[in-house]
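J.: Please read through the structure below; I'll follow up with questions.
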Amino acid sequence: ALMMIGEDFSHYLKVRPGAFFLTGCGNADKGITAPHHNPHFDIDEAAFKYAASEFLKILELESVF
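By my numbering, the letter at position 61 of the sequence shown is numbered 459, and the numbering carries on one by one without gaps.
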């Protein structure tokens, strides 16, 4: 889905190489559908494993460990 976001991450990229990505954390089956800045916003903690996996993949590709 298309999203419009506001972020100043580009300022970091002027100093250091990097990447910016979003990891979804909603789950319609569990009723977790409210957007950010909404009093009903919640996170499906099952999404954490996907975010952690992506971070580990980046570290491996960059030979950090």
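Quick reminder that beta carbons are idealized off the backbone N, C-alpha and C, glycines included.
Please say whether Ala432 and His438 have beta carbons closer to each other than 8 angstroms?
T.: yes
J.: Excluding five sequence neighbours on each side, which residues of the same chain lie with their C-beta closer than 8 angstroms to the C-beta of Glu452?
T.: If we look at Glu452 and ignore the five residues flanking it on each side, its Cβ neighbours are Phe419 and Thr421.
J.: Return the CA-CA distance between Lys447 and Leu454, expressed in angstroms with no decimal places.
T.: 10 angstroms
J.: Please report the straight-line C-alpha distance between Asp411 and Ile441, rounded to a whole angstrom.
T.: Per the sequence shown, residue 411 should be read as Leu rather than Asp. Looking at the two C-alpha atoms, the distance is approximately 28 angstroms.
J.: What did DSSP end up calling Ile430 once you bin it into helix, strand or coil?
T.: Strand at Ile430.
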